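Following: one structure in structure tokens, then a few remarks.
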Amino acid sequence: MTGLAAVFGIPKPVFGMIHLASLPGAPRYGGSVAAVLERAVRDARALKEAGVDALVVENFNDEPFFTETTAPETV
């Protein structure tokens, strides 16, 4: 086996995606890191129960993205 198959020990591992809500510093941030974490953990548990082999976490909900500067809380 090579590549991902070698890492996971199966021919075609399934990846589940955790879509984070907007984070501090993003225009659409809802004001609660706890709520962001609760939702992410709930999604992770559901994906685990569904049998995915790996999780990917992304924060695309932070758009629009900064092009010139980045706020300190973003880094």
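Take the sequence shown: its position 67, counting from 1, is numbered 1485 in my numbering, and each next residue is one higher.
The beta carbon of each residue, even a glycine, is placed where N, CA and C say it ideally should be.
Fair warning: this is a prediction, and the values are worked out from it, not measured in the lab.
- Task: Would you list, in sequence order, the uninterrupted beta strand (DSSP E) runs of no fewer than 3 residues that lie entirely inside the stretch 1454-1485?
- Result: 1472-1476
- Item | One or two residues paired with P1436 in a DSSP bridge | In the sequence shown, the residue the question calls residue 1436 occupies position 18. With the sequence shown as reference, residue 1436 is identified as Ile, and Pro is not the correct amino acid for it. DSSP lists V1475 as partners of I1436.
- Thinking C-beta only, is V1474 closer than 8 Å to V1432? Working through the sequence shown from its first residue, we reach residue 1432 at position 14. Working through the sequence shown from its first residue, we reach residue 1474 at position 56. Not a contact, by the Cβ cut-off of 8 Å.
- Message: I1436 and D1461 - do their beta-carbons sit closer together than 8 Å?
- Response: Against the sequence shown, residue 1461 aligns to sequence position 43. Against the sequence shown, residue 1436 aligns to sequence position 18. In contact: D1461 and I1436 (Cβ atoms closer than 8 Å).
- Which one of V1425, A1464, V1454, T1485 has the shortest CA to CA distance from E1476? Here residue 1476 refers to the residue found at position 58 when the sequence shown is read from its first residue. Selection V1425, A1464, V1454, T1485 evaluated against E1476 yields V1454 as nearest (Cα-Cα).
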